[in-house]
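Participant: Residue numbers (the working numbering): 739 to 1121.
Backbone N, C-alpha and C define an ideal beta-carbon position, used for all residues, glycine too.
Mind having a look at this structure? Questions to follow.
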Ligand SMILES: Cc1cc2nc3c(=O)[nH]c(=O)nc-3n(C[C@H](O)[C@H](O)[C@H](O)COP(=O)(O)OP(=O)(O)OC[C@H]3O[C@@H](n4cnc5c(N)ncnc54)[C@H](O)[C@@H]3O)c2cc1C
């Protein structure tokens, strides 16, 4: 699989080595097991330890906390390679997001305790914001964390939580002061092992991404040590979410561009082979024009995301541009994959053809990480 412009400006020999290693990892550990992961609705737990051993789980976290001391470019290589492999089951994205909450918002003690465990894969991370009654409008969450002696008592339910089945550490968004609006929201670090009152509900049946364990979670008087409030202070949750969401949204852009590039490559290969009316499909003007348009859009997306990656590495990325990357690339991904599927004809609708899987996996990119309409709200505030 190749980047549509050849090589990105931010690539280095060291990143190229990492790319090859992640590619081999995907070929050995993900692709052969795709169907099984889909059926069981989660990846094998050992996969996390294997990825941890390779140092790819927290590639952009400092070595002092067990990470691989790279930058956002290193994580981008990981996300791109998973995208090129067509994998949508290994929830490394959410895991890395959790680590960033802890790195940037946690106390020194929280960083030292949790980051090495997340880096090695001994702990799997998840983030639980959404609830049955509140997704886009997070102010409407009903989960509460009430201080009682030396611990918080957590009550509420969460839904659509990625990595929910395997998660050992969940960042739970809860109200510590329900009267205080946005200032009454805090992020709680919940260790699931032996946590009384915590329960995993169903692994949800999704349209696509079936190998990813997206779950319901329940907290019924679950006790969390007082020290497990992220950053050690109540009421910072909303600000912490706003600070960290650009990381998540840029990641979605990186994965989206990889998917677009893969769809283009698969479709060029297929239309060269497939014959109709005495010629290869790619010789027909419509096919060439559609692919020419897609290549143009893929190139625009690639150049845009490369700039976003450079700015993430340099610490210059902002919320507005991350929202643009998330919304525009995920919209483009869905459009491109749909156009590509059309060029496969009936075979494009058969799951044994990767383009069919890409079609059903892509749709949710416009919804999670903040619905694209919310992204436009954020962008419009900058006008
Ligand atoms: C596969 C999957 C994985 C997920 N993983 C996680 C996870 O790990 N952790 C987590 O916390 N959540 C997760 N989510 C939840 C996801 O973030 C939410 O689904 C998303 O934020 C939308 O919230 P909602 O589903 O409640 O939709 P609603 O908030 O009910 O919105 C429905 C639709 O209404 C429209 N809309 C809403 N508000 C506005 C507005 N202000 N202006 C214009 N239009 C609007 C949009 O079109 C939106 O799609 C996941 C969801 C899925 C499907």
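Counting only beta-carbon separations shorter than 8 Å, does residue 958 have a partner in chain B?
Facilitator: The structure shown contains no chain B, having only a single protein chain.
Participant: My guess is that residue 815 and residue 1037 are in contact by the Cβ rule of under 8 Å, so how many angstroms apart are they, rounded?
Facilitator: About 19 Å separates the two Cβ atoms, so there is no contact after all.
Participant: Taking only heavy atoms of ligand 1 into account, decide whether any of them is closer than 7 Å to the Cβ of residue 1118.
Facilitator: Incorrect: residue 1118 has no Cβ contact closer than 7 Å to ligand 1.
Participant: Identify which residue in 1009, 1100 and 750 has its Cα closest to the Cα of residue 1080.
Facilitator: Measuring from the Cα of residue 1080, the nearest candidate turns out to be 1009.
Participant: Am I right that residue 924 and residue 973 are in contact with their C-beta atoms under 8 Å? What's the rounded C-beta distance?
Facilitator: That pair is a contact at about 6 Å.
Participant: Can you look up residue 868 in the DSSP assignment and give me helix, strand or coil?
Facilitator: Here residue 868 sits in coil by DSSP.
Participant: When you compare the CB positions of residue 1028 and residue 809, do they come within less than 8 Å of one another, or not?
Facilitator: No; because the gap between Cβ atoms is not below 8 Å, this pair is not in contact.
Participant: Just curious, the beta strand (DSSP E) that residue 882 is in, first and last residue?
Facilitator: Run containing residue 882: 882-886, per the beta strand (DSSP E) assignment.
Participant: Tell me the DSSP bridge mates of residue 895?
Facilitator: Partner(s): 956.
Participant: State the DSSP-derived secondary structure class of residue 926, mapped to helix, strand or coil.
Facilitator: It is a strand residue.
Participant: Taking a contact to mean a Cβ-Cβ separation below 8 Å, would you say residue 862 touches residue 786 in this structure?
Facilitator: Yes.
Participant: Exposed or buried, residue 750, counting other C-beta atoms within 10 Å across all chains shown (16 or more means buried)?
Facilitator: So residue 750 ends up on the exposed side.
Participant: With respect to the beta strand (DSSP E) encompassing residue 938, which residues constitute its N-terminal and C-terminal limits?
Facilitator: Residues 936-941.
Participant: For residue 1053, count neighbouring C-beta atoms within 10 Å of its own C-beta (all shown protein chains included) and say buried if the count is 16 or more, exposed if not.
Facilitator: Exposed is the call here.
Participant: Who are the near neighbours of residue 824 in its chain, counting only those whose CB is closer than 7 Å to its CB and skipping five residues on each side?
Facilitator: Result list for residue 824: 1000, 1092, 1095 and 1096, in chain order.
Participant: When we look at the beta-carbon of residue 1059 and count the other beta-carbons within 10 Å, is it buried (16 or more) or exposed?
Facilitator: Buried, by the Cβ-count rule.
Participant: CA-CA distance, residue 780 and residue 981?
Facilitator: If you take the alpha carbons of residue 780 and residue 981, they lie about 30 Å apart.
Participant: Below 8 Å on the Cβ atoms is my contact criterion, and I expect residue 1019 with residue 1012 to pass it. Report the Cβ-Cβ distance as a whole number of Å.
Facilitator: Indeed, because the Cβ distance is near 5 Å, the residues count as touching under 8 Å.
Participant: Mind checking residue 984: buried by the 16 CB within 10 Å criterion, or exposed?
Facilitator: By the neighbour-count rule (16 or more Cβ atoms within 10 Å), residue 984 is buried.
Participant: I'd like to confirm something about residue 952: is its beta-carbon nearer than 7 Å to some heavy atom of ligand 1, or not?
Facilitator: Yes, since a heavy atom of ligand 1 falls inside the 7 Å radius drawn around the Cβ of residue 952.
Participant: Any heavy atom of ligand 1 closer than 7 Å to the beta-carbon of residue 947?
Facilitator: Checking the Cβ of residue 947 against ligand 1 gives yes.
Participant: Using the Cα positions of residue 868 and residue 897, report the straight-line distance between them to the nearest angstrom.
Facilitator: When rounded, the distance between both Cα atoms is 6 Å.
Participant: DSSP on residue 1114, reduced to helix/strand/coil?
Facilitator: Looking at residue 1114 - three-state DSSP - the assignment turns out to be helix.
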